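Working notes for the structure below.
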Amino acid sequence: MTYKDQPWEWTLQHARAIDQLKEALVNAPEIEEATKADATLQAVSKATETGNWQEGPKQSDVDSVAYTAWQKVKEELSVGVTAQIILRGTRIAVPRKLQERVVNLVHEGHQGVVKTKSLLREKVWFPGIDKLVEKKVESCCVCLISTPESKREPLKMSPLPKAPWSEVSMDFAKLPNSEYLLI
């Protein structure tokens, strides 16, 4: 933290913080290495390049459930030219080995299920991303403590009027391309 009118100094504490941040981040070479070690992603990569999606499930070390999920989005998949990283559109396909780590990194802000999913979907994709995020947030003590308990109040019936026209209610609604409508 810097203070007004105080010179900033690079200290050992700053260096450690940067080193810790570098270690926590997932980088392209690490994703490429994990992709090469992931039999399912290797089968997906080969199928994407050749267009033959029938061979993948025949391999014994390929996760058939994950392979089927990849196959459903095959039209959106591409393999990087320089780095052998699979992309779904512009999002990086995360190998199984790194999935939990990526979810943990995004979840560090404890922003809840919806925001965590949203942040992840901007940059990465993998089969079961929603379930993994939900499981992570539901098991997070900080999230459980800070999330307000929201129970919906039951609808209350208003008392019936004593006589016809003793109470009159109205509502206004606007239909597309029209004036207001009195209900």
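Heads up: the sequence shown begins at 882 in my numbering, then just goes up one per residue.
Positions of the beta carbon are idealized from the N, C-alpha and C atoms, including for glycine.
Treat the numbers as computed from the prediction; the structure is a model and nothing was measured.
Looking only at C-alpha atoms, which of the options sits nearest to residue i?
| i | options | result |
| --- | --- | --- |
| residue 922 | 973, 1002, 1038 and 1054 | 973 |
| residue 1039 | 1030, 1050 and 1031 | 1050 |
| residue 1023 | 992, 1043 and 918 | 992 |
Given that a residue counts as buried once 16 or more other Cβ atoms are within 10 Å of its Cβ, and exposed if not, what is residue i?
| i | result |
| --- | --- |
| residue 916 | buried |
| residue 990 | exposed |
| residue 979 | buried |
| residue 932 | exposed |
| residue 942 | exposed |
Compute the distance between the beta-carbons of residue i and residue j, then report whether it is under 9 angstroms.
| i | j | result |
| --- | --- | --- |
| residue 964 | residue 909 | yes |
| residue 1017 | residue 981 | yes |
| residue 962 | residue 930 | no |
Spatial neighbours of residue i within its chain, please: CB distance less than 6 angstroms, with the 5 preceding and 5 following residues excluded, ordered by chain position.
| i | result |
| --- | --- |
| residue 987 | 997, 1000 and 1001 |
| residue 947 | 921 and 1008 |
| residue 896 | none |
Spatial neighbours of residue i within its chain, please: CB distance less than 7 angstroms, with the 5 preceding and 5 following residues excluded, ordered by chain position.
| i | result |
| --- | --- |
| residue 969 | 954, 957, 958 and 1006 |
| residue 913 | 964, 965 and 966 |
Compute the minimum distance between the beta carbon of residue i and the heavy atoms of the ligand FAD, and state whether it is under 8 angstroms.
| i | result |
| --- | --- |
| residue 932 | The model depicted lacks the ligand FAD and carries no ligand whatsoever. |
Please check if any C-beta of chain B sits within less than 9 angstroms of the C-beta of residue i.
| i | result |
| --- | --- |
| residue 978 | The question asks about chain B, but that chain is absent: this structure has only one protein chain. |
Problem set entry | Start-end ranges of the beta strand (DSSP E) lying completely within the stretch 931-996, minimum 3 residues | 958-960, 967-969 and 972-974
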